[in-house]
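**Student:** To start, I am sharing the structure in question, which I have written as structure tokens.
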Amino acid sequence: MADETEPKKEDAKPEREKPELKDMSDICPIGKVLVFAEHILGDLQPVTLELLGAGRILADKMSQPLLCVVAGHELGDIPQRLVEYGADVVYVADHPELKNYRTLPYRRVICDFLESLPTQPHTMLLGSTTTGRDLAPRIAAHFDTGLTADTTELDIGHYEHTSKVDPTKIGLYPNCLYAIRPSFGESLKARILGPWKNPQMATTRPGVMTPLTREPGRKGEIIQVPVKLQEEDFRLSVDEIVREVSKGINLTEADVIVSGGYGLGTQEGFNLLQELANCFDNAAVGASRKVVDLGWIPYQNQIGQTGKTVRPKLYIACGISGAIQHRVGMSKSGLIIAINKDPEAPIFKFAHHGIVGDCYQIIPEMIKQFKLAKSTSGVKEVVGTH
Amino acid sequence: MASGFRIFVMVKQVPDMGAKAGLNPDGTIDRARAKRMLNPFDKFALQAALHTKKMYGGSVTAISMGPPPAVEILLEALAHGVDRGFLLSDRRLAASDTLATAYALYKTIQHVGEFDIIFCGLQTTDGDTAQVGPQLAERLNLPQVTYCEDFSVKDGNVHARRIIEGGHQVVIAKPPVLVTIANSYHPLEYKSFRGAWRVQQLQRKQEELAKYITTITLDDVGADIERCGLKGSPTIVAKTEKVGEIGGSCTMHEGKSVDELVKEVITNSNVEEYLLAGKS
Ligand SMILES: Cc1cc2nc3c(=O)[nH]c(=O)nc-3n(C[C@H](O)[C@H](O)[C@H](O)COP(=O)(O)OP(=O)(O)OC[C@H]3O[C@@H](n4cnc5c(N)ncnc54)[C@H](O)[C@@H]3O)c2cc1C
Ligand SMILES: Nc1ncnc2c1ncn2[C@@H]1O[C@H](COP(=O)(O)O)[C@@H](O)[C@H]1O
Chain A
-13 MADETEPKKE
-3 DAKPEREKPE
7 LKDMSDICPI
17 GKVLVFAEHI
27 LGDLQPVTLE
37 LLGAGRILAD
47 KMSQPLLCVV
57 AGHELGDIPQ
67 RLVEYGADVV
77 YVADHPELKN
87 YRTLPYRRVI
97 CDFLESLPTQ
107 PHTMLLGSTT
117 TGRDLAPRIA
127 AHFDTGLTAD
137 TTELDIGHYE
147 HTSKVDPTKI
157 GLYPNCLYAI
167 RPSFGESLKA
177 RILGPWKNPQ
187 MATTRPGVMT
197 PLTREPGRKG
207 EIIQVPVKLQ
217 EEDFRLSVDE
227 IVREVSKGIN
237 LTEADVIVSG
247 GYGLGTQEGF
257 NLLQELANCF
267 DNAAVGASRK
277 VVDLGWIPYQ
287 NQIGQTGKTV
297 RPKLYIACGI
307 SGAIQHRVGM
317 SKSGLIIAIN
327 KDPEAPIFKF
337 AHHGIVGDCY
347 QIIPEMIKQF
357 KLAKSTSGVK
367 EVVGTH
Chain B
75 MASGFRIFVM
85 VKQVPDMGAK
95 AGLNPDGTID
105 RARAKRMLNP
115 FDKFALQAAL
125 HTKKMYGGSV
135 TAISMGPPPA
145 VEILLEALAH
155 GVDRGFLLSD
165 RRLAASDTLA
175 TAYALYKTIQ
185 HVGEFDIIFC
195 GLQTTDGDTA
205 QVGPQLAERL
215 NLPQVTYCED
225 FSVKDGNVHA
235 RRIIEGGHQV
245 VIAKPPVLVT
255 IANSYHPLEY
265 KSFRGAWRVQ
275 QLQRKQEELA
285 KYITTITLDD
295 VGADIERCGL
305 KGSPTIVAKT
315 EKVGEIGGSC
325 TMHEGKSVDE
335 LVKEVITNSN
345 VEEYLLAGKS
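Respectively, the protein sequence lines represent chains A and B.
Take -13 as the starting number for the first sequence in my numbering and just add one per residue.
Take 75 as the starting number for the second sequence in my numbering and just add one per residue.
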């Protein structure tokens, strides 16, 4: 069974003699860009600001306004904050039953809202969070429209469709959403399109897109939308919400991440990494999926496509090969130093400094020299560190 | 619910990326040689299904869509203790995206019969979208619990703990409901010797096996062909590209003594700026 992320044969070889392709603008017209804003108990989620940043670029490319929709109750200054982060129009669905995210009531208001619009937005973006990945597929299925999961890049561009599977679809689509994501298990990126129907939908990884700088006092339209919930929307109730205060430094907030992979050889290797991390200010320990799967370190520490996306100032990768799924989670780090004994390891293709050698020789030497560097640069050691 | 729950579990066969056999040196998959396996996430769903049956009674039906070899994972599920399996297999399903997959699975479920709880894996390791579960729930007009990591039944209601950003939620729902199980749920228990042995025996007698595993086609389930496969898929992979070299060129440090290598990196980068308490 072929998958979404596999190239489909029809597209592999473009036709030799290309007939003039029909312009399909009427099927895939330019349109507005809509971002679904996410919050937990009134806390606007960072991914929402990132989506507004990404959405702004797409909207500007089509010279269209950027819309945002938010559902909740007593949202305070959230709608205005969304405007200050780039939205031109914010639609607010306010209802006591929308206070906490729940699939069915949210699905109801978002689908009703979309149906109430005179024309569908061109693009709709949600975060690849537990909320966005819960809601987006339901909306996409309701509208029978395409949805691409976990995108890492977005763009608008043209597409020539020549596949004969459905002759009615052959033509030139001038403005499609390019939803780009890493393809499975391979060092490939897949560009996924769904220009047959608006809204073209995508979820985007938190931590990947760049938010705009807040523009205090920016003016935008804030519009209340009617909320009509139905009895069947309450088939599931939320009993309790627990927010766990994370122990130690949060990976996504750390300035420095020291990360370990299968090359460490044993679980104990992470003690050495912790020691290295201790040399730095605001540092945390990360890991590749392979060692998480082996149970050497908890899932919360996993970096990559199915783990966290991080962007520290400094990333030190120890015994990590640098598979695409790991890379998408950390490649935007400020300075990447990789230690690997294989000079051909893929991580050396995108690290800034590569050290070819054994972790167990390099890391202790690093710790030694970092300690030395600190004492010679006049920095006082914190008294009493054991 | 005198006879317990009618439990369905959705399982998919995926290529085994961990196995060296199916991997080319450049990391791409050699499909001809690639090993096949039960989607790792679906093992957690299978565990949830079997555990629910064990605790509250009922039956477990495993359902899969895929090419004929996918029958292997239904046999595996049978060995683990599911009661029966259905494989939807049809060439016209080729190149289905998640929406077309969810539609075909929806028609299959309607064909198989009534249910109380459907368990899915959170996501597959090949499609890797986590979309099929919720899209299936939409087609079946069901409430859903995604990212479920704990599941129990009290007074006929499902109690489920699901992961949310920076915490978790506890939700309650009356069946029918669709649940996607996260990999923080309990791992799948080993199959019993008896289970494995029974399946081995069954494999020897096709007509016996056919009582437990049924292969069906799109015609059997009465699916609209226009909504299946490539035609029924609103997304298309237009282009794949090798990921280009990013982050510029890597300065390599090699072939020197360990202390020289480290010294070289320290002098040529700004790594010192991040040392504890920073430079004053
Ligand atoms: C759908 C999907 C999602 C995935 N998601 C993620 C994800 O989120 N995050 C993730 O990380 N991976 C993910 N992966 C897995 C990914 O493809 C790789 O398998 C994984 O990142 C490899 O981990 P590794 O680098 O630790 O191990 P390996 O690839 O085994 O690399 C180990 C490296 O250590 C080096 N080495 C060995 N010994 C030493 C030593 N003594 N000193 C120095 N170097 C040494 C070796 O040369 C090698 O390069 C995913 C895979 C799939 C299919
Ligand atoms: N072909 C399939 N057959 C049976 N179940 C599937 C299939 N594809 C996806 N699923 C189910 O949907 C879940 C999510 O898959 P995906 O959206 O591909 O990540 C999987 O863990 C399975 O439980």
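We put the CB at the ideal spot given by N, CA and C, even for glycine.
Since we're looking at a predicted model, the values are computed, not measured.
(1) By a C-beta neighbour count over all protein chains shown, 10 Å radius and 16 as the cutoff for buried, is A:GLY17 buried or exposed?
(2) Helix, strand or coil for B:ASP85 per DSSP?
(3) Which residue's Cα is closest to the Cα of A:GLU36: A:ALA23, A:LEU27 and A:ASP46?
(4) Cutting at 6 Å between CB atoms, please list the residues of its own chain near A:ASP241, excluding the five before and the five after it.
(5) Figure out for me which residue from B:TYR264, B:GLN277 and B:LEU350 has the closest Cα to the Cα of B:HIS154.
(6) Say whether chain A places a C-beta atom closer than 8 Å to the C-beta of B:CYS222.
(7) Candidates B:PHE118, B:LEU214, B:THR203 and B:LEU167: which alpha carbon is nearest B:LEU252's?
(8) Looking only at C-alpha atoms, which of B:PHE193, B:PHE115 and B:SER258 sits nearest to B:THR199?
(9) What beta strand (DSSP E) runs, 3 residues minimum, are completely inside the segment 181 to 214 of chain B?
(10) Mind checking A:GLU101: buried by the 16 CB within 10 Å criterion, or exposed?
(11) Three or more beta-carbon pairs under 8 Å between the segment 154 to 169 of chain A and the segment 205 to 217 of chain A, yes or no?
(12) Run down chain A in chain order and give the residues with a C-beta less than 9 Å from the C-beta of B:GLU346.
(13) Is B:ILE147 near ligand 2, with its Cβ less than 7 Å from a heavy atom?
(14) Does the Cβ of B:HIS260 have 16 or more other Cβ atoms within 10 Å, making it buried, or fewer, making it exposed?
(15) Give the list of continuous beta strand (DSSP E) stretches no shorter than 3 residues that lie fully inside the segment 42 to 84 of chain A.
(16) Taking Cβ-Cβ distances shorter than 7 Å, what residues in chain B pair up with A:CYS265?
(17) Enumerate in chain order the residues of its own chain whose CB-to-CB distance from A:HIS25 is below 8 Å, with the five nearest sequence positions on each side excluded.
(18) By the three-class DSSP mapping on this structure, what secondary structure does B:CYS222 have?
(19) Between A:GLU(-10) and B:GLN197, what straight-line distance do the alpha-carbon atoms span, to the nearest angstrom?
(20) Does the contact criterion of 3 or more C-beta pairs under 8 Å hold for the segment 212 to 226 of chain B versus the segment 155 to 169 of chain B?
(21) What residues from chain B crowd round A:GLU351, counting only those whose CB sits closer than 7 Å?
(22) For chain B, find out if any of its Cβ atoms is closer than 8 Å to the Cβ of A:TYR301; answer yes or no.
(23) Determine the extent of the alpha helix (DSSP H) in which A:PHE256 is found, giving its start and end residues.
(24) What do you get for A:HIS312, buried or exposed, if any count of 16 or more other CB atoms within 10 angstroms of its CB means buried?
(25) Mind listing which residues of the segment 200 to 211 of chain B have their C-beta closer than 9 Å to chain A's C-betas, in chain order?
(26) Is B:GLN197 near ligand 2, going by C-beta to nearest heavy atom under 7 Å?
(27) At 9 Å on the CB atoms, spell out the chain B contacts of A:GLN50, in chain order.
(28) So the candidates are B:ILE238, B:GLN274 and B:LYS285; which of them puts its Cα closest to the Cα of A:GLU230?
(29) State the DSSP-derived secondary structure class of A:ASP344, mapped to helix, strand or coil.
(30) Report yes or no: is there a C-beta of chain A within less than 8 Å of the C-beta of B:GLN275?
(31) When you compare only the Cα positions, how much space is there between A:PRO192 and B:THR203?
(32) From the DSSP output, read off the bridge partner residues of A:THR134.
(33) Quick one: complete beta strand (DSSP E) runs, 3+ long, within the segment 287 to 351 of chain A?
(34) Are A:THR109 and A:GLN186 closer than 8 Å when you measure CB to CB?
(35) State the DSSP-derived secondary structure class of B:THR341, mapped to helix, strand or coil.
(36) Is the shortest distance between the beta-carbon of A:ASP120 and the beta-carbons of chain B less than 8 Å?
**Tutor:** Inspection of the coordinates gives the following:
(1) The residue you call residue 17 of chain A lines up with position 31 of the first sequence. Looking at its Cβ environment, which holds 16 or more other Cβ atoms inside 10 Å, A:GLY17 is buried.
(2) What you label residue 85 of chain B is simply residue 11 of the second sequence in a count that begins at 1. The residue you asked about is not Asp; residue 85 of chain B is Val in the sequence shown. Three-state result, B:VAL85: coil.
(3) Taking the first sequence and counting its residues from 1, the one referred to as residue 36 of chain A is at position 50. Considering only alpha carbons, the answer is A:ALA23.
(4) What you label residue 241 of chain A is simply residue 255 of the first sequence in a count that begins at 1. For A:ASP241, where only same-chain residues beyond five positions count, the Cβ hits under 6 Å are ASN268, PRO298 and LYS299.
(5) Position 80 of the second sequence, counted from the start, is the residue given in the question as residue 154 of chain B. Among B:TYR264, B:GLN277 and B:LEU350, the Cα nearest to that of B:HIS154 belongs to B:TYR264.
(6) Indexing the second sequence from 1 puts residue 222 of chain B at position 148. No, its Cβ sits nowhere closer than 8 Å to a Cβ of chain A.
(7) Translated into positions along the second sequence, residue 252 of chain B becomes position 178. Considering only alpha carbons, the answer is B:LEU214.
(8) Position 125 of the second sequence, counted from the first residue, corresponds to residue 199 of chain B. Of the candidates B:PHE193, B:PHE115 and B:SER258, the one whose C-alpha sits nearest the C-alpha of B:THR199 is B:PHE115.
(9) 191 to 195
(10) For the purposes of this step, residue 101 of chain A is taken as the residue at position 115 of the first sequence. Exposed: under 16 other Cβ atoms inside 10 Å.
(11) no
(12) Here residue 346 of chain B refers to the residue found at position 272 of the second sequence. Going along chain A in sequence order, the residues near B:GLU346 (Cβ under 9 Å) are PHE356, ALA359, LYS360 and SER363.
(13) Residue mapping note: residue 147 of chain B aligns to position 73 of the second sequence, counting from 1. No.
(14) Translated into the one-based positions of the second sequence, residue 260 of chain B becomes position 186. Label assigned to B:HIS260: exposed.
(15) 52 to 58 and 75 to 80
(16) The residue you call residue 265 of chain A lines up with position 279 of the first sequence. Going along chain B in sequence order, the residues near A:CYS265 (Cβ under 7 Å) are LEU349 and LEU350.
(17) Counting from 1 along the first sequence, the entry for residue 25 of chain A is found at position 39. The residues are GLN31, THR34, VAL56, GLY58, LEU61 and ILE64.
(18) For this step, residue 222 of chain B is matched to residue 148 along the second sequence. Note: B:CYS222 maps to strand in three-state DSSP.
(19) On the first sequence, residue -10 of chain A is found 4 positions in, with the first residue counted as 1. On the second sequence, residue 197 of chain B is found 123 positions in, with the first residue counted as 1. Its pLDDT being 45, under 50, A:GLU(-10) is placed unreliably by the model, and the measurement read from it follows with that caveat. If I take the Cα positions, the gap works out to 13 Å.
(20) no
(21) For the purposes of this step, residue 351 of chain A is identified with residue 365 of the first sequence, where counting begins at 1. Correct list: VAL332, ASP333 and VAL336.
(22) On the first sequence, position 315 is the one that residue 301 of chain A refers to. No, no contact with chain B.
(23) Taking the first sequence and counting its residues from 1, the one referred to as residue 256 of chain A is at position 270. Taken as a continuous stretch (DSSP letters only), the alpha helix (DSSP H) holding A:PHE256 covers 255 to 263.
(24) As a working mapping, residue 312 of chain A is identified with position 326 in the first sequence. So A:HIS312 counts as buried.
(25) ASP200, GLY201, ASP202, THR203, ALA204, GLN205, VAL206, GLY207, PRO208, GLN209, LEU210 and ALA211
(26) Sequence index remark: in the second sequence, residue 197 of chain B carries index 123 (1-based). Yes, the Cβ of B:GLN197 comes within 7 Å of a heavy atom of ligand 2.
(27) Your numbering for residue 50 of chain A matches position 64 in the first sequence. Residues of chain B passing the Cβ test: none, with the nearest at roughly 22 Å.
(28) As a working mapping, residue 230 of chain A is identified with position 244 in the first sequence. Minimum Cα distance to A:GLU230 is reached at B:ILE238.
(29) Indexing the first sequence from 1 puts residue 344 of chain A at position 358. Here A:ASP344 sits in coil by DSSP.
(30) Residue mapping note: residue 275 of chain B aligns to position 201 of the second sequence, counting from 1. So, not an interface residue.
(31) Taking the first residue of the first sequence as position 1, residue 192 of chain A is located at position 206. Taking the first residue of the second sequence as position 1, residue 203 of chain B is located at position 129. If I take the Cα positions, the gap works out to 15 Å.
(32) Position 148 of the first sequence, counted from the first residue, corresponds to residue 134 of chain A. BP columns for A:THR134 point to A:ALA188.
(33) 300 to 304, 321 to 326 and 339 to 342
(34) As a working note, residue 109 of chain A is residue 123 in the first sequence. As a working note, residue 186 of chain A is residue 200 in the first sequence. Going by C-beta atoms, A:THR109 is nearer than 8 Å to A:GLN186.
(35) What you label residue 341 of chain B is simply residue 267 of the second sequence in a count that begins at 1. Of the three classes helix, strand and coil, the one that applies to B:THR341 here is helix, per DSSP.
(36) On the first sequence, residue 120 of chain A is found 134 positions in, with the first residue counted as 1. Chain B contact via Cβ: present.
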